[in-house]
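Q:
Numbering (my numbering), first residue to last: 12 to 351.
#1: Compare the Cα-Cα distances from residue 324 to each of 331, 317, 336, 158 and report the closest residue.
#2: Using a 10 Å radius around the Cβ and a threshold of 16 neighbouring Cβ atoms, would you call residue 159 buried or exposed?
#3: Would you call the stretch 314 to 328 and the stretch 206 to 213 touching, i.e. three or more CB-CB distances under 8 Å?
#4: According to the neighbour-count rule (16 or more other Cβ atoms, all chains shown, within 10 Å of its Cβ), is residue 151 buried or exposed?
#5: Based on the DSSP output, what are the partners of residue 288 in its beta bridges?
#6: Taking the straight line between their C-alpha atoms, what separation do you get for residue 177 and residue 31?
#7: Provide the residue(s) that pair with residue 301 in DSSP beta bridges, ordered along the chain.
#8: Can you find the residues in the same chain that come closer than 6 Å, C-beta to C-beta, to residue 286, ignoring five residues on each side of it along the sequence?
#9: Check whether the stretch 276 to 285 and the stretch 336 to 350 are in contact - that is, three or more C-beta pairs closer than 8 Å.
#10: How is residue 104 classed by DSSP in three states: helix, strand or coil?
#11: In this structure, how does DSSP classify residue 12 when only helix, strand and coil are distinguished?
#12: Apply the 10 Å Cβ neighbour rule to residue 306 and answer buried if 16 or more other Cβ atoms are within range, or exposed otherwise.
#13: I'd like to confirm the pairing. Which residues does DSSP put opposite residue 199 in its beta bridges?
#14: Assign residue 214 to buried or exposed, taking buried as 16 or more other Cβ atoms, counted over all protein chains shown, within 10 Å of its Cβ.
#15: For the structure I just gave you, are there three or more beta carbon pairs, one from the stretch 90 to 110 and one from the stretch 70 to 82, closer than 8 Å?
#16: Check whether the stretch 39 to 50 and the stretch 166 to 177 touch, using three or more Cβ-Cβ pairs below 8 Å as the test.
#17: Quick one, which of 116, 129, 96, 164 has its alpha-carbon nearest residue 147's?
#18: Would you kindly work out how many angstroms separate the C-alpha atoms of residue 255 and residue 72, rounded to a whole number?
#19: Which residues in the same chain as residue 298 place their Cβ atom closer than 6 Å to its Cβ, once the five residues preceding and following it in sequence are excluded?
#20: Buried or exposed for residue 125, going by 16 or more other Cβ atoms inside 10 Å?
#21: Mark residue 99 as exposed unless 16 or more other C-beta atoms lie within 10 angstroms of its C-beta, in which case mark it buried.
#22: With residue 171 as the anchor, note down where its beta strand (DSSP E) starts and where it stops.
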């Protein structure tokens with residue numbers, strides 16, 4: 012098994028004192044182990060935390076990101092039945108005042124500017140997500156606790172493009188969520204009965220100027236089992252590292268081979284196909300029900316994200332080769348193309 016597929020079991024620094032990738036950081040782990048003190052060149056460093064909570068009624072997505080020359084905080088509430096989006100995005104030039112911890116859950120994050128309140132607060136046993144904003148004349152308020160059950164495994168991996176360019180990501184799905192969301196004071200609650208789960212995407216890295224990725228994630232209960240899907244593609248190709256795995260009842264089943272995303276770029280709302288390239292471990296169809304488009308226009312750069320919410324069906328195989336059926340699992344698949 013190559014160095015990039017090595018399973019780590021102890022804390023490690025992501026970077027050397029000179030800002031290069033620490034060779035000892037290459038690999039993956041079942042819990043976050045990396046300390047991500049980025050020292051790379053200004054403008055290439057990317058730090059973000061993205062939380063998405065899905066439940067039978069919709070999705071709540073919160074982002075707090077520092078791209079060196081731009082900070083961005085955003086909140087999105089998606090109604091699954093109507094497709095209504097309520098969203099607030101606040102860009103901050105030069106990311107002035109932004110601060111993110113070097114480790115997963117290492118500090119609280121609080122943002123309150125230009126009509127958007129956002130807070131990720133670390134509590135015993137989980138992270139509390141709080142937001143308040145107005146969109147389309149509606150007032151959105153949310154208070155959701157995303158739990159981290161003891162022993163729950165997550166996918167943590169370093170993507171090594173080179174000694175100077177690299178990314179650490181922690182993808183954490185199937186985290187039980189409970190809380191309340193209010194729109195103009197009308198409350199809807201979420202919990203186990205609504206299949207409410209949180210997903211964290213924690214990223215810290217020094218990136219190339221151009222980036223293309225695919226990401227797919229879903230959490231839910233299928234035939235009495237808690238199933239989490241986590242797949243990434245394109246930007247990991249050729250690195251020896253993958254962002255692929257399945258979380259079953261809290262245990263990670265790591266997939267070391269690349270996964271192929273097949274979809275129509277001219278109309279991403281058409282069905283997608285996601286398969287493992289060298290085996291039958293992943294055979295999934297994804298049927299989008301909603302497309303969320305995001306453009307980040309910058310003076311000399313920019314990014315475009317097509318994020319589709321919908322349902323996954325098919326099957327995956329665990330570490331023992333046992334087939335696990337996936338039937339209507341709710342989540343998302345996306346494409347990002349960026350020059351930044």
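From the three backbone atoms N, C-alpha and C, an ideal C-beta is built for every residue, glycine too.
A: Put simply:
#1: 336
#2: buried
#3: As far as the Cβ criterion goes, the stretch 314 to 328 does not touch the stretch 206 to 213, which means the pair count is below three.
#4: buried
#5: Paired residues: none, contrary to the question.
#6: CA-CA distance, residue 177 to residue 31, rounds to 9 Å.
#7: 320
#8: 271, 293, 294
#9: yes
#10: strand
#11: Note on residue 12: pLDDT 39, under 50, position unreliable in the model; no value is reported.
#12: exposed
#13: 192
#14: buried
#15: yes
#16: yes
#17: Ranking 116, 129, 96, 164 by CA distance to the CA of residue 147 puts 96 first.
#18: 21 Å
#19: Closer than 6 Å at Cβ, skipping near neighbours: 282, 321, 322.
#20: exposed
#21: buried
#22: 166 to 171
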